[in-house]
Amino acid sequence: EKKVEAQAAEIDALQSSLTQWQAQAESEAQARQVAQGQFFRDLETERTARQRDTEMFEGEIKFAKMQIEAARSTERQLRDQIKEDKASKDMELTAYRQRANRAEEALGAARLELAELKGRSEGLEARIAELQARIRELAKAGPRPTAIKPAAKRRLLRR
Numbered sequence: 001e002k003k004v005e006a007q008a009a010e011i012d013a014l015q016s017s018l019t020q021w022q023a024q025a026e027s028e029a030q031a032r033q034v035a036q037g038q039f040f041r042d043l044e045t046e047r048t049a050r051q052r053d054t055e056m057f058e059g060e061i062k063f064a065k066m067q068i069e070a071a072r073s074t075e076r077q078l079r080d081q082i083k084e085d086k087a088s089k090d091m092e093l094t095a096y097r098q099r100a101n102r103a104e105e106a107l108g109a110a111r112l113e114l115a116e117l118k119g120r121s122e123g124l125e126a127r128i129a130e131l132q133a134r135i136r137e138l139a140k141a142g143p144r145p146t147a148i149k150p151a152a153k154r155r156l157l158r159r
């Protein structure tokens, strides 16, 4: 009988151990399920955050690409405008140089004409002085009994 009582006590102890282990296993399973649920929620939150970050970075990349393209387009436009302005300035410079050359040629021609006129003027002044000296000589000599000479023809100062 003692053996039966001992075995019954051992069975009771084993059953209570089994019950504790089952309770512990259930609590561990529940804790595991809670932990798994929390892990999956955290994982989903992380995935959502990464997706949001990826979308944000893609948006920033698109914006940066748009800015780069706009800058390139502006640069092209400015280069074209600079080329057009340079061509226009070159044409204006060529026209100014041609006008300056023509003005220099006209100035040279005017200087030549002025020098020619000065030379003629000096020549005429010398001729006038010569004729006045001749008139004085003739006036000192008195009138000639011979025939009177006709007056000298006037010459034109300009040709």
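Sequential numbering of the sequence shown, starting at 1, is according to the working numbering.
Using N, Cα and C, we set each Cβ at its ideal position, and we do this for glycine too.
Arg239 to Ala49 span [Cα, whole Å]: Past the boundaries of the shown model lies residue 239; the chain is included only from 1 to 159, so the question cannot be answered.
Which residue comes first and which comes last in the alpha helix (DSSP H) that contains Glu1? Premise fails: Glu1 is in no alpha helix (DSSP H) and is neither H nor E.
Please return the same chain residues whose Cβ sits closer than 8 Å to the Cβ of Glu28, not counting the five positions on each side in sequence. Within the same chain, Glu28 has no close Cβ partners at all.
Could you tell me the alpha carbon to alpha carbon distance between Glu72 and Lys65, rounded to whole angstroms? Sequence inspection shows Arg at residue 72; the Glu mentioned does not correspond to that position. C-alpha separation (whole angstroms): 10 Å.
Distance between Glu125 and Glu113 (C-alpha atoms, nearest Å): 18 Å
Enumerate in chain order the residues of its own chain whose CB-to-CB distance from Lys86 is below 7 Å, with the five nearest sequence positions on each side excluded. none
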